[in-house]
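S.K.: Here you go, one structure.
Chains as they are written, first to last, in this note's numbering: chain A, 223 to 342; chain B, 363 to 474.
Given below as structure tokens:
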């Protein structure tokens, strides 16, 4: 399967612990996105990378959250000192991108299955 | 800021009924519009998209037309099947950016 993969699929942790999630995008995709989805809501944008550069971060991404994509391939999302309000599904997506002229054509984002985080 | 509003669910239909799920948006500039679907136990999948006004996206019998004058992108299907039961999300991508802004989702249940 050459789709977007995420690990782990489920994570249960105690409040105050740190957790790290991994996302492996489709191999030729240079853009990688993180979203958070709570029950009954649509996904909310957190951040995205083009290659290894983190180009945009949402205000939802507090200082307890950090994302990296060190070699422009896989990405990790770490949450420090977890809180019960962090319980959600964390989704990763990837896409290709053209140059600035093509940006409005909007390449399709392909989503992974998500990591469900439960903070007790 | 930019936002998407879609009709609340659940929507319950009998097989072969006509489906409409309303979606309206607020955006500056010229966003691209999308419908994503999430089947039970699966990840989000792109269903269809439209990148400019009056474009019609279509896939698997579903259609949606980008209406700039009414800022809408309603999803329609002429005859639904049990296998269409899923949660449907309307989304936009603001002009010049690829991040997606989603609506809250509409759950569709189709009964035989």
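By construction, the Cβ of each residue, glycine as well, lies at the ideal position given by its N, Cα and C atoms.
Mapping DSSP to helix, strand and coil, what is residue 321 of chain B?
M.R.: This structure does not reach residue 321 of chain B, given that chain B is present from 363 up to 474, and the question cannot be answered.
S.K.: Express the C-alpha separation of residue 421 of chain B and residue 294 of chain A in angstroms, rounding to a whole number.
M.R.: As a first step, residue 294 of chain A is located in the first chain; it is residue number 72 there, counting from the start. As a first step, residue 421 of chain B is located in the second chain; it is residue number 59 there, counting from the start. Taking the straight line from one Cα to the other gives about 32 Å.
S.K.: Going by Cα to Cα distance, which pick from B:468, B:370 and B:379 is closest to residue 450 of chain B?
M.R.: The residue you call residue 450 of chain B lines up with position 88 of the second chain. Closest by alpha carbon: B:468.
S.K.: Within the region 246-289 of chain A, note down every full beta strand (DSSP E) run reaching 3 residues or more, in order along the chain.
M.R.: Runs of the beta strand (DSSP E) inside the region 246-289 of chain A: 253-259, 266-272 and 275-279.
S.K.: Between residue 312 of chain A and chain B, is the shortest Cβ-Cβ distance under 8 Å, so that the two count as touching?
M.R.: Counting from one through the first chain, the residue named residue 312 of chain A turns up at place 90. No, residue 312 of chain A does not count as interfacial toward chain B.
S.K.: Count the other CB atoms, across all protein chains shown, that sit within 10 Å of the CB of residue 443 of chain B; report buried if there are 16 or more and exposed otherwise.
M.R.: Taking the second chain and counting its residues from 1, one reaches residue 443 of chain B at position 81. Residue 443 of chain B should be labelled exposed.
S.K.: Can you find a CB in chain A that lies within less than 8 Å of the CB of residue 471 of chain B?
M.R.: For this step, residue 471 of chain B is matched to residue 109 along the second chain. Not one chain A Cβ lies under 8 Å of residue 471 of chain B.
S.K.: Cα separation between residue 445 of chain B and residue 285 of chain A?
M.R.: Taking the second chain and counting its residues from 1, one reaches residue 445 of chain B at position 83. Taking the first chain and counting its residues from 1, one reaches residue 285 of chain A at position 63. Approximately 42 Å between the Cα atoms of the pair.
S.K.: Report all residues from its chain with a CB closer than 7 Å to the CB of residue 369 of chain B; omit the five preceding and five following residues, and keep chain order.
M.R.: Along the second chain, read from residue 1 onward, the residue named residue 369 of chain B stands at position 7. 383, 384 and 468.
S.K.: Below 8 Å on the Cβ atoms is my guess for residue 428 of chain B versus residue 414 of chain B; work out the distance and round it to an integer in Å.
M.R.: Indexing the second chain from 1 puts residue 428 of chain B at position 66. Indexing the second chain from 1 puts residue 414 of chain B at position 52. Correct: roughly 7 Å between the Cβ atoms.
S.K.: Can you list the residues of chain A that residue 451 of chain B reaches, using a CB-CB cut of under 8 Å?
M.R.: If you number the second chain from 1, residue 451 of chain B lands on position 89. Correct list: 264 and 265.
S.K.: Count the other CB atoms, across all protein chains shown, that sit within 10 Å of the CB of residue 432 of chain B; report buried if there are 16 or more and exposed otherwise.
M.R.: Taking the second chain and counting its residues from 1, one reaches residue 432 of chain B at position 70. It counts as exposed.
S.K.: DSSP has residue 241 of chain A in a bridge; who is on the other side?
M.R.: Within the first chain, the letter at position 19 stands for residue 241 of chain A. Per DSSP, A:301.
S.K.: Here's the rule I'm using: 16 or more other beta-carbon atoms within 10 Å means buried, otherwise exposed. How should residue 291 of chain A be labelled?
M.R.: Locating residue 291 of chain A in the first chain gives position 69, counting from the first residue. Residue 291 of chain A should be labelled buried.
S.K.: Against residue 463 of chain B, what residues of chain A qualify as contacts under a CB-to-CB distance less than 8 Å, listed in chain order?
M.R.: Reading the second chain from its first residue, position 101 is the one you call residue 463 of chain B. Those within 8 Å of residue 463 of chain B in chain A are 267.
S.K.: Among the residues of its own chain, which have a CB less than 6 Å from the CB of residue 401 of chain B, if the five just before and after it don't count?
M.R.: As a first step, residue 401 of chain B is located in the second chain; it is residue number 39 there, counting from the start. Once the five neighbours on either side are set aside, the close Cβ partners of residue 401 of chain B are 448.
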